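Novice:
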Amino acid sequence: MLQQTRVDTVIGYYHRFLQRFPSIAALAEAKEEEVLSLWQGLGYYSRARNLHRAARLITDRYGGQFPHTYEEVRSLPGIGDYTAGAILSIAFDQPYAAVDGNVLRVITRLTGLEKDITRPETKKELSQMVRPMIPLAHSGDFSQGLMELGALVCLPLEPLCDQCPVQSLCTAYATGRQNELPVRKKRDKPLKTIFYRVAVIQDQDCLLLEHRRKETLLGQMWGFPLVEEGSARSLESLFWEKYGLKIKLGKNLGRVTHIFTHQVWQMDISSYLLLPGTAFASTLHWIPEEEQKNLAIPTAFRKVLQVIKPG
DNA sequence: AAGTCGGGGTA
DNA sequence: TACCCAGACTT
């Protein structure tokens, strides 16, 4: 959960998740739908799917016992170099480094390394620099201490060098370069904006929602039916071709903008009337109000819900 | 190496 | 706006 996500954001999800899935076995037995539902709003949903897969894999391959070697842990889905190092050092007190964004920042400043930290090669070099610092005992404390130093003292902007326990060892402090480090290549192209028309189709207290195809962004999550605008074709024919929906335009309900890491969605929302006799695609389902809160609906579509059902 | 994948807090 | 967050995976 903590991958690319702040601790404060995670805490609530963490407690709800562990209450529902208190063991590897409990998680392994669950349906993916329910795992995603508990993850909704947290983002990077492949993390939830990988965690679920890992639980099943541990159950099948290791008899439910979490593996204790770096290679075995690293090979689990969703566990990369950072997470493997974190688990081995913190959970099992083995001398591995957990090099996250905090540690990259601390070490580049400490050593004055001016290379681009987004490059895999630079991350490897920094991991090599941490290795000889790892104590053979209590390496978990060392991992957490190094990350904590980055999170609380060696801040991205305006680090608190006066409070830093390793100030006397720090190259960046000595040279006054702490605000120039780390070096990180920035995005060159602006985000692409995609313009969508969202169809709100209601029948009493039911909404027509789509279970999104796996290959799409926000795949296997629930959302509103939508088509991309900009082509010469009419919206009605686009909905017909994509979903087999025969619908007639109702009134305009508003606009929602949602920013992802790599693209922006601008969604114009309209109510539509379902014309009789349509046999729409199997990905579409009538969802009654009481079930809507338990579905895995990501934030982009929660915003649409908010527009049509304020409060 | 570059692109993909969420969402929110902060200046 | 833009950056960054206890990154991993695919292309």
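1 is the number of the first residue of the first sequence in full-length UniProt numbering; add one for each residue after it. Glycine included, each C-beta is placed from N, C-alpha and C at the ideal position. All values derive from a computational prediction rather than experimental measurement.
Would you please state the rounded distance, in angstroms, between the beta carbons of Val-10 and Leu-18? I believe it to be under 8 Å.
Specialist: Within the first sequence, numbered from 1, the residue matching residue 10 stands at position 10. Within the first sequence, numbered from 1, the residue matching residue 18 stands at position 18. With a Cβ gap of about 11 Å, Val-10 and Leu-18 do not count as contacting.
Novice: Taking the C-alpha atoms as reference points, what is the distance between Ala-86 and Ala-98?
Specialist: The residue given as residue 86 occupies position 86 in the first sequence. The residue given as residue 98 occupies position 98 in the first sequence. About 5 Å.
Novice: Measure the C-alpha to C-alpha separation of Thr-261 and Thr-278 and round it to an integer number of angstroms.
Specialist: Locating residue 261 in the first sequence gives position 261, counting from the first residue. Locating residue 278 in the first sequence gives position 278, counting from the first residue. Their backbone Cα atoms lie some 37 Å apart in a straight line.
Novice: Bridge partners of Arg-197, per DSSP?
Specialist: The residue labelled residue 197 in the question sits at position 197 within the first sequence. Bridge partners of Arg-197: Val-227, Asp-268.
Novice: Which value, in whole angstroms, describes the spacing of the CA atoms of Gly-250 and Ser-270?
Specialist: Here the question's residue 250 lines up with position 250 in the first sequence. Here the question's residue 270 lines up with position 270 in the first sequence. A straight line joining the alpha-carbon of Gly-250 with that of Ser-270 spans about 6 Å.
Novice: Verify whether the separation of the beta carbon atoms of Arg-187 and Gly-150 is less than 8 Å.
Specialist: The residue you call residue 187 lines up with position 187 of the first sequence. The residue you call residue 150 lines up with position 150 of the first sequence. Not closer than 8 Å, so no.
Novice: For the alpha helix (DSSP H) containing Gly-254, name the first residue and the last one.
Specialist: As a position in the first sequence, residue 254 is number 254, starting the count at 1. Element bounds for Gly-254: not the alpha helix (DSSP H) but the beta strand (DSSP E), 247-259.
Novice: Would DSSP call Pro-288 helix, strand or coil?
Specialist: Taking the first residue of the first sequence as 1, we reach residue 288 at position 288. DSSP places Pro-288 in strand when its eight states are reduced to three.
Novice: Counting only the same chain and skipping the five closest in sequence on each side, list residues whose C-beta sits under 7 Å from that of residue 315.
Specialist: Nothing can be reported for residue 315: it is not among the residues displayed for the chain, which extend from 1 to 311.
Novice: Among Leu-181, Ala-199, Cys-164, Leu-76, which residue has its Cα nearest to the Cα of Asp-116?
Specialist: On the first sequence, residue 116 is found 116 positions in, with the first residue counted as 1. Distance from the Cα of Asp-116 is smallest, within the candidate group Leu-181, Ala-199, Cys-164, Leu-76, for Leu-181.
Novice: Here's the rule I'm using: 16 or more other beta-carbon atoms within 10 Å means buried, otherwise exposed. How should Leu-273 be labelled?
Specialist: The residue labelled residue 273 in the question sits at position 273 within the first sequence. Exposed.
Novice: Measuring only the C-alpha atoms, how far is Ala-199 from Glu-241?
Specialist: Along the first sequence, read from residue 1 onward, the residue named residue 199 stands at position 199. Along the first sequence, read from residue 1 onward, the residue named residue 241 stands at position 241. Spanning the two alpha carbons is a distance of roughly 14 Å.
Novice: Helix, strand or coil, according to DSSP, for Asp-81 in the structure here?
Specialist: Residue numbering aside, residue 81 sits at position 81 when the first sequence is read from its first letter. The answer is helix: DSSP assigns Asp-81 an H, G or I state.
Novice: Would you list the one or two residues that DSSP bridges to Gln-65?
Specialist: Walking along the first sequence from the start, residue 65 turns up at place 65. Its beta-bridge partners do not exist; DSSP assigns none.
Novice: Taking the alpha-carbon positions, what's the Leu-157 to Thr-118 distance?
Specialist: Sequence index remark: in the first sequence, residue 157 carries index 157 (1-based). Sequence index remark: in the first sequence, residue 118 carries index 118 (1-based). Cα-Cα distance, rounded: 18 Å.
Novice: Pull up the distance between the alpha-carbon of Asp-81 and that of Tyr-70, whole angstroms please.
Specialist: Locating residue 81 in the first sequence gives position 81, where the first residue counts as 1. Locating residue 70 in the first sequence gives position 70, where the first residue counts as 1. The straight-line gap from Cα to Cα measures roughly 9 Å.
Novice: Which residues share a DSSP beta bridge with His-211?
Specialist: For the purposes of this step, residue 211 is identified with residue 211 of the first sequence, where counting begins at 1. His-211 is bridged to Trp-222.
Novice: Does the distance from the C-beta atom of residue 323 to that of Pro-77 stay below 8 Å?
Specialist: What is shown of the chain runs 1 to 311, which leaves residue 323 out entirely.
Novice: Out of curiosity, what's the CA-to-CA distance linking Ile-90 and Val-183?
Specialist: Translated into the one-based positions of the first sequence, residue 90 becomes position 90. Translated into the one-based positions of the first sequence, residue 183 becomes position 183. Using only the alpha carbons, I get a separation of about 28 Å.
Novice: What span of residues does the alpha helix (DSSP H) with residue 345 cover, start to end?
Specialist: This structure leaves residue 345 out entirely; the chain is present only between 1 and 311.
Novice: Going by C-alpha to C-alpha distance, which of Gly-311, His-285, Lys-214, Leu-275 sits closest to Arg-49?
Specialist: Translated into positions along the first sequence, residue 49 becomes position 49. Answer by Cα proximity: Lys-214.
Novice: Across which residues does DSSP place Asp-116 in a beta bridge pair?
Specialist: For this step, residue 116 is matched to residue 116 along the first sequence. In the DSSP output, where bridge partners are listed per residue, Asp-116 has Val-183.
Novice: Quick one, are the C-beta atoms of Leu-208 and Lys-248 less than 8 Å apart?
Specialist: Against the first sequence, residue 208 aligns to sequence position 208. Against the first sequence, residue 248 aligns to sequence position 248. Against a cut-off of 8 Å, the Cβ pair of Lys-248 and Leu-208 comes out as no contact.
Novice: For Val-227 versus Leu-235, is the C-beta spacing smaller than 8 Å?
Specialist: Translated into positions along the first sequence, residue 227 becomes position 227. Translated into positions along the first sequence, residue 235 becomes position 235. For Val-227 and Leu-235, yes; Cβs fall inside 8 Å.
Novice: Report yes or no: do the stretch 155-173 and the stretch 124-138 share at least 3 C-beta pairs separated by less than 8 Å?
Specialist: They do not touch, by the three-pair rule.
Novice: Under DSSP, the alpha helix (DSSP H) around Gly-12 begins and ends at which residues?
Specialist: Stepping through the first sequence from its first residue, residue 12 is reached at position 12. 7-20 is the extent of the alpha helix (DSSP H) around Gly-12.
Novice: Does Lys-192 come out as helix, strand or coil in the three-state DSSP assignment?
Specialist: One-based indexing of the first sequence puts residue 192 at position 192. Reduced to three states, the DSSP call for Lys-192 is strand.
Novice: Which same chain residues end up closer than 6 Å to Thr-283 when comparing Cβ atoms and leaving out the 5 residues on each side of it in sequence?
Specialist: Taking the first residue of the first sequence as 1, we reach residue 283 at position 283. Excluding positions up to five away in sequence, the list reads Glu-210, His-211.
Novice: Under a Cβ-count criterion, where at least 16 other Cβ atoms within 10 Å of its own Cβ denotes burial, should Phe-195 be classed as buried or exposed?
Specialist: To locate residue 195, count along the first sequence from 1; it is residue 195. With fewer than 16 other beta carbons inside 10 angstroms of its own, Phe-195 counts as exposed.
Novice: Where does Pro-225 land, buried or exposed, given buried means 16+ other C-beta within 10 angstroms?
Specialist: In the first sequence, residue 225 corresponds to position 225, counting from 1. So Pro-225 counts as buried.
Novice: Please report the residue range of the alpha helix (DSSP H) in which Thr-108 lies.
Specialist: Counted from its first residue, the first sequence places residue 108 at position 108. Unbroken alpha helix (DSSP H) run through Thr-108: 101-111.
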